[in-house]
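Report on the structure given below.
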Amino acid sequence: MKISVPKEIHPGETRAPITPGCVTKFAKLGAEIEVESGVGAAAGFSDDDYAKTGATISHDRKNLLHSADIVLRLRKPPVEEIAWLKPKAIHVSMLDPFNEKELIQKFADCDISAISMEFIPRTTRAQKMDVLSSQANLGGYKAVILAAEHSNKIFPMMTTAAGTILPSKVFIIGVGVAGLQAIATAKRLGAKVTAYDTRPVVEEQVKSLGAQFLKIDLGETGQTRDGYAKTLTEEQIQKQREAMKKTCAESDVVICAAQVFGRKAPVLVTAEMLDAMKLGSVVVDLAVETGGNVEGVAYDKTIDRNGVTIIGVANMPGRAPLHASQVYAENLFNLIGEFWDKQQKAFVLKMDDDIINSCLVTHDGKIVNQKLNGKQN
Ligand code: NAD
Numbered sequence: 389m390k391i392s393v394p395k396e397i398h399p400g401e402t403r404a405p406i407t408p409g410c411v412t413k414f415a416k417l418g419a420e421i422e423v424e425s426g427v428g429a430a431a432g433f434s435d436d437d438y439a440k441t442g443a444t445i446s447h448d449r450k451n452l453l454h455s456a457d458i459v460l461r462l463r464k465p466p467v468e469e470i471a472w473l474k475p476k477a478i479h480v481s482m483l484d485p486f487n488e489k490e491l492i493q494k495f496a497d498c499d500i501s502a503i504s505m506e507f508i509p510r511t512t513r514a515q516k517m518d519v520l521s522s523q524a525n526l527g528g529y530k531a532v533i534l535a536a537e538h539s540n541k542i543f544p545m546m547t548t549a550a551g552t553i554l555p556s557k558v559f560i561i562g563v564g565v566a567g568l569q570a571i572a573t574a575k576r577l578g579a580k581v582t583a584y585d586t587r588p589v590v591e592e593q594v595k596s597l598g599a600q601f602l603k604i605d606l607g608e609t610g611q612t613r614d615g616y617a618k619t620l621t622e623e624q625i626q627k628q629r630e631a632m633k634k635t636c637a638e639s640d641v642v643i644c645a646a647q648v649f650g651r652k653a654p655v656l657v658t659a660e661m662l663d664a665m666k667l668g669s670v671v672v673d674l675a676v677e678t679g680g681n682v683e684g685v686a687y688d689k690t691i692d693r694n695g696v697t698i699i700g701v702a703n704m705p706g707r708a709p710l711h712a713s714q715v716y717a718e719n720l721f722n723l724i725g726e727f728w729d730k731q732q733k734a735f736v737l738k739m740d741d742d743i744i745n746s747c748l749v750t751h752d753g754k755i756v757n758q759k760l761n762g763k764q765n
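Offset between the sequence shown (1-based) and our numbering: plus 388.
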């Protein structure tokens, strides 16, 4: 089976969907690997690195895609490139499927089996394929490092001959994978950390990392079967903002990482809350790509709002491109490896398997995913 990996062309993308290490692993399975020249350049891998581990280097993107049995990518493809693929080819990448109806239909029309990596289920068996986790983890880390760099304070407490420096106060809103890593990173740097999430199960996880949990009674919040937050009512959000206002005002750094899977992120830090923050404090909005948790955040920009820095950097994991590529590529390899038939030397779509069932969006000319057909959320 031939696996083709084109270079990512989204502006500013630094990550690669394959590393030289994974080329070796795919080759051991018996797959033939061809990568587009420059595929790993921004992540720190040269064409030579890929060639040494057994990949062929292509300088013809159209032919690379047309000859593939499997295409591996990081981001969704430009819609016109879907028609370059052979019918029955398998396409694996993030696809933003709830918002990309036309793209998904095009995969179906071209008879491509498209896998959306965002739909890998949050189960123990699928953890090694979970790109949302592998990327969010690095995003949470980088958000804290960026905040520390922009802050006018240091994070740890220091007792010096010139007096005692008190630790910075960091408030994390939304404690999924990114939020947990942000807590751990801020704690390692010595900050005093408080965190909040609407899912009640999170309180214990926050405390186990040595942070304080801010308690807010919003009534019924709960979580979905996959562990995602449910959308709150406008009344609940208003109550949450009121309750967080004081903590934001007292904090030196606020990291927002609150998301609702497949929907626009809730606005949790309003202009009024920003007005109440101290001069020199920093807010990082990790939800900027899904609309943002912070009122007035600028997409992929860092702005000064009356002395408060608001960081809206998009693609935070891309700020650590080597490690982000390493874990993303491992996630893809783990998916392909799990369903690799050694006799046929092929990736076999086991239609009755819960992982394939959850992440396959188009097959045999149709949209096959229940989450997109409105039968499940
Ligand atoms: P996410 O990116 O969808 O959301 C981030 C966090 O924002 C979530 O914790 C969510 O509860 C929170 N949030 C939403 N609305 C909020 C609000 N108004 N105020 C405060 N917080 C709000 O989450 P994620 O990081 O993708 O994780 C989703 C779930 O998946 C979690 O339960 C996580 O533990 C679980 N998970 C499970 C596995 C596994 O078992 N294999 C792996 C990874 C994640």
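Glycine residues also receive a C-beta, built at the ideal position from the N, C-alpha and C atoms.
For Gly-615, the distance from the CB to the nearest heavy atom of ligand 1 is below 7 Å. Residues of the same chain with a CB within less than 8 Å of the CB of Thr-582, apart from the 5 flanking positions on each side, are Lys-557, Val-558, Phe-559, Ile-560, Ala-599, Gln-600, Phe-601, Leu-602, Thr-635 and Ser-639 in chain order. A residue is called buried once 16 or more other Cβ atoms fall within 10 Å of its Cβ, and Asp-585 is buried on that count. Here Lys-489 carries a helix assignment [DSSP, helix/strand/coil]. Rounded to whole angstroms, Val-594 and Lys-541 show a C-alpha spacing of 24 Å. Residue pairing by DSSP places Phe-721 in no beta bridge whatsoever. Under the DSSP definition of a beta bridge, Tyr-438 lacks any partner. When the beta-carbon positions are compared, Ala-712 and Thr-407 stay at least 8 Å from each other. Proximity of the beta carbon of Tyr-584 to ligand 1 is indicated: a heavy atom of the ligand is located closer than 7 Å. Distance from the CA of Pro-509 to the CA of Lys-738, rounded to the nearest whole angstrom, comes to 15 Å. Rounded to whole angstroms, the gap between the alpha carbons of Gln-523 and Asn-719 is 10 Å. Leaving aside the five residues that flank Glu-469 on each side, the residues in its chain whose CB is nearer than 7 Å to its CB run, in chain order, Leu-453. Residue pairing by DSSP places Gly-551 opposite Thr-548 in a beta bridge. Annotation: Pro-465 to Met-546 spans about 50 Å, alpha carbon to alpha carbon. As a beta-bridge residue in DSSP terms, Leu-460 pairs with Val-480.
Under the three-pair Cβ rule at 8 Å, the region 416–428 does not count as touching the region 684–704. Contact between Val-672 and Ile-691 fails: their C-beta atoms lie close to 12 Å from each other, not under 8 Å.
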